[in-house]
Amino acid sequence: MAVFQTIKEMLLPVRPVMTETVIPAPQTSYSIEPLTSKSVRELVRLNARCFLNGENYTKATFTYLLNDPETVSYQMLTEAGAMVGFIFAIRNTNGTAHLTTIGIAPEHRRRGLGSELLKHLEGRLVEKGLSIVALEVRVSNTTAQALYQMAGYACVQRLENYYHNGEDGFLMTKSLY
Ligand SMILES: CC(C)(COP(=O)(O)OP(=O)(O)OC[C@H]1O[C@@H](n2cnc3c(N)ncnc32)[C@H](O)[C@@H]1OP(=O)(O)O)[C@@H](O)C(=O)NCCC(=O)NCCS
Numbered sequence: 003m004a005v006f007q008t009i010k011e012m013l014l015p016v017r018p019v020m021t022e023t024v025i026p027a028p029q030t031s032y033s034i035e036p037l038t039s040k041s042v043r044e045l046v047r048l049n050a051r052c053f054l055n056g057e058n059y060t061k062a063t064f065t066y067l068l069n070d071p072e073t074v075s076y077q078m079l080t081e082a083g084a085m086v087g088f089i090f091a092i093r094n095t096n097g098t099a100h101l102t103t104i105g106i107a108p109e110h111r112r113r114g115l116g117s118e119l120l121k122h123l124e125g126r127l128v129e130k131g132l133s134i135v136a137l138e139v140r141v142s143n144t145t146a147q148a149l150y151q152m153a154g155y156a157c158v159q160r161l162e163n164y165y166h167n168g169e170d171g172f173l174m175t176k177s178l179y
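First residue of the sequence shown: 3, per our numbering; consecutive thereafter.
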């Protein structure tokens, strides 16, 4: 359970923000690139638009992760070079990886970008010799659960009182082989 505690401690409560009116973005092409600390400010801004429930990664957490050799992270960019998605996983020493966060800008959702980022990340994890991915998701986050289930993840445990506001989570895992 140590890894659960580590991930939990990365999520610091922040003031919830107002929801925004979402107008779907014009069609564009997308590319996936590794994330670097040069993009941390854009990443923090996008993250705040993706997670509106009052628990969020801070700039310090992202800066730490972007400099951590065990962290694998990618961004989704538009043709114009704007960041519209991100994904992070931490490699464990036992051949498993922990998907710590994924987010897609609201105006670019439901275009397959979350699935693409996840597939890309899993491919890189396989190349690095990792065989299992685990993640936690709020029981109320049925959107993310649908994405993960479609990608082959299965719920293996309910984590009671997992989040700061007392909400339960689901532990989901996928074998990459
Ligand atoms: C979860 C999230 C990353 C999905 O990104 P996305 O690019 O919209 O996902 P995709 O377009 O690849 O969707 C893949 C599948 O997930 C499911 N899905 C995605 N959004 C859905 C929604 N709003 N309602 C129901 N199912 C949904 C569908 O099965 C979808 O396949 P389909 O469009 O062929 O039906 C995005 O909604 C997001 O950033 N949410 C806020 C951050 C978050 O909750 N992250 C996860 C934390 S654990």
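All C-beta atoms in this analysis are idealised placements derived from N, C-alpha and C, irrespective of residue type, glycine included. These numbers were taken from a predicted model, which means no experiment stands behind them.
Output the residue ranges of the alpha helix (DSSP H) runs that lie fully inside the region 59-112 and measure 4 residues or longer, sorted by chain position. 61-68
Heavy atom of ligand 1 less than 8 Å from the Cβ of leucine 137, yes or no? yes
Serine 33 to phenylalanine 64, Cα distance in whole Å? 21 Å
Which word fits asparagine 69, buried or exposed, when buried means at least 16 other C-beta atoms lie within 10 angstroms of its C-beta? exposed
Could you tell me whether the region 91-102 touches the region 43-55, using the rule of 3 or more Cβ pairs below 8 Å? The region 91-102 makes no contact with the region 43-55, as fewer than three CB pairs between them are under 8 Å.
Check the DSSP bridge columns for tyrosine 32 and list the partner residues they point to. Tyrosine 32 pairs with Thr80.
At what residues does the alpha helix (DSSP H) containing glycine 116 begin and finish? Residues 115-129.
Classification of asparagine 167 by the beta-carbon crowding that lies within 10 angstroms, buried from 16 upward: exposed
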